[in-house]
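Here's the structure we're looking at; comments come further down.
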Amino acid sequence: MSCPRLLLPLLTLRRVRTAGTGTLSGVHAVSSRSIIDMSYSAHFMDFQGSSIPSGMQKLVVTRLSPSFREAVSLQAAAVPTPGDAELLVRNRFVSSALQRRDENSRLRVEARSNYLRFLKVQFALGAIPKDGERFVGINASDINYSAGRYDPSVRPPFDAGFEGIGEVVGLGLSASARHAVGDTVAYFGSGAFAEYTVVPAKESVPVPSVRPEFLTLLVSGATAYIALKRLGDLAKGETVLVTAAAGGTGQFAVQFAKQAGCHVIGTCSSDEKAGFLKSIGCDRPVNYAMEDLAKTLRKEYPKGVDVVYESVGGRVLELAVNSLANKGRLIVIGFISGYQTPSGILPFQGGTLPVKLLQKSASMRGFFLPHFLADYREALGSMMQMLAAGKLVCEVDCGEMAPEGRFVGLESVFRAVDYMYAGKNLGKVVVEVNPPSVSGSKL
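Just so we're aligned, residue 1 is where the sequence shown starts under the UniProt record's numbering, counting upward by one.
Structure follows, in structure tokens:
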């Protein structure tokens, strides 16, 4: 059902305090008179279909800590108003970037964080608008953000979450050239752990619907696609080891390596995950809860492995180095085992690393997605085509098997983070955001 476009040249601003900030919503503090505010004067908003409320909930980092529960709190806030070239997105499925307030009390992106270079990516994939759901994704890096590791100069409070998918419920006048109320978009955007998020129109990704599978491609899928293509230099017949293979990004590394004609080994923590890995093409799942990974690799792959896609760190990273074949390539995309520690990384016995690499003519390279944005558009387009053709599995875990049930509502983000770090997830962890209350309409 199409949604009406209504031009609002005149706004009545009301006195509304934002919880925890003491600031007033809007640009001018007025109590009962209508004014023309040129900075917010041209908006398309959906009154009938969206029932945009005046208030919402969001997650805010209030202190720096490797414990997500200690660092983040659920707060009430005013629903933001989109600027001329911005979209107001009602999130359905949601993941973490940094925001703070400038002198005008409007939220702006904290550009000092290297990770927010994601926000410079522009797309034109063409959407098929549908009514849908609102979601956010959970990333291992959420704890790195809440601990302030990506930018030590940033100080709380700032908004959490950096991946979301939902529907456009409001937009600025210039943004309406390519978007309409009712469109569905995915995005990298500061403050995705919120019921509503303002997103620059040019930095949103139009998607056919709000299926959470699209959310898995933005970071998890793109990391695997680009890292293996640019750093893996995969050749048919080579052996590839993927650690945490049944997780958000590991599932994609398995599939892309298999598509390249490689023999794929995938580590996991349960027989259920091993079965899933077999279903997506993994030749040798290794359940490390039942098998000794080091012994398995020495016995079954005595010549070593050609490529390792590594995201665990600590002892697993040491094992990966020792398992490399001559001219092997080790790609480090993270070290999740240490993210919850004070330092963010587990000890690594790297004193002999140069010797080990030299003896095998091997290499070890790190991969940080913002450094490869030139490849991002091609990667996302290719993955979207594969998904549409049924050639790519995007496994999503919404917590159906979690002790307290499905992850629904922003308050469940805390459970979702714990669930992921406990290694219980199968695929990308995703949270469904509750539809906000329609009482107290903002407009």
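Cβ atoms here follow ideal geometry from the backbone N, Cα and C, with glycine treated the same way.
Contact between Gly182 and Val168 holds: CB atoms are separated by about 7 angstroms, below the 8 angstroms threshold.
The continuous alpha helix (DSSP H) containing Asp418 extends over residues Val413 to Tyr421. For His371, the three-state secondary structure derived from DSSP is helix. If you keep only unbroken beta strand (DSSP E) runs of at least 3 residues inside the stretch 252-307, you get 263-268 and 284-287.
With a 10 Å radius around the Cβ and a threshold of 16 neighbouring Cβ atoms, Asp292 comes out exposed. In the assembly as shown, Arg329 is a buried residue. Its beta-carbon has 16 or more other beta-carbons within 10 Å. When C-alpha distances from Glu300 are compared across Asp283, Val61 and Val316, the shortest belongs to Asp283.
By the Cβ test, the stretch 411-421 is not in contact with the stretch 197-214, since fewer than three Cβ pairs between them sit closer than 8 angstroms.
For Glu203, the closest C-alpha among the options Leu426, Leu87 and Gly161 is that of Leu87.
Asn425 sits in coil when the DSSP states are folded into three classes, being neither helix nor strand. DSSP, read as helix, strand or coil, puts Val72 in strand. In the three-state DSSP reduction, Ile226 falls in the helix class (H, G or I).
With contacts defined by Cβ atoms closer than 8 angstroms, Leu231 and Ala257 do not form a contacting pair. Between Leu228 and Tyr288, the gap from beta carbon to beta carbon reaches 8 angstroms or more. Between the stretch 313-320 and the stretch 269-278 there are fewer than three C-beta pairs closer than 8 angstroms, too few to call the two in contact. Per DSSP, Glu404 lies in no beta strand (DSSP E) and is assigned neither H nor E.
If you look at Lys360, you'll find it isn't in any beta strand (DSSP E); it sits in the alpha helix (DSSP H) that goes Leu353 to Lys360.
Distances from the alpha-carbon of Val61 to those of Val94, Lys356 and Asp159 put Asp159 closest.
Within the same chain, and ignoring the five residues on either side of Gln57 in sequence, the residues whose Cβ sits closer than 8 angstroms to its Cβ are Leu74, Gln75, Ala76, Ala77, Ala194, Glu195, Leu410 and Pro436. In this structure, the beta-carbon distance from Val198 to Pro82 falls below 8 angstroms.
Restricting attention to Thr249, Ala201, Asp397 and Pro302, the CA atom closest to the CA of Thr239 is found in Pro302.
In the pairwise beta carbon analysis, the stretch 422-430 is classified as touching the stretch 246-261: at least three pairs are separated by under 8 angstroms. The residues Val61, Thr62, Arg63 and Leu64, in chain order, have a CB closer than 7 angstroms to that of Pro156 in the same chain once the five nearest residues on each side in sequence are set aside.
When DSSP states are grouped into helix, strand and coil, Val79 belongs to the coil group.
In terms of Cβ geometry, Lys236 and Ala201 do not form a close pair [threshold 8 angstroms]. Apart from the 5 residues on each side of it in sequence, His179 sits with its Cβ closer than 7 angstroms to the Cβ of Leu87, Val168, Leu171 and Ala201 in its chain, given in chain order. With a 10 Å radius around the Cβ and a threshold of 16 neighbouring Cβ atoms, Arg365 comes out exposed. When the five nearest sequence neighbours on each side are left out, the beta carbons in the same chain lying within less than 7 angstroms of the beta carbon of Val396 are those of Pro212, Glu213, Thr216, Gly427, Lys428 and Val430, in order along the chain. Cβ contact annotation for Leu59 (same chain, cutoff 8 angstroms, sequence separation greater than five): Val72, Ser73, Leu74, Gln75, Asp159, Ala160, Gly161, Phe193, Ala194, Leu410 and Val413, in chain order. In the structure shown, the three-state DSSP call for Gly409 is coil. Under the three-state reduction of DSSP, Gly170 is assigned to strand.
The DSSP-derived three-state label of Pro212 is helix.
Measuring C-alpha to C-alpha distances from Ser174 to each of Leu380, Val79 and Asp84 identifies Asp84 as the nearest. Between the C-alpha atoms of Ala177 and Leu218 there is a straight-line separation of about 24 angstroms. When C-alpha distances from Glu163 are compared across Tyr225, Ile226, Leu357 and Arg90, the shortest belongs to Arg90. Between the C-alpha atoms of Pro354 and Thr223 there is a straight-line separation of about 26 angstroms.
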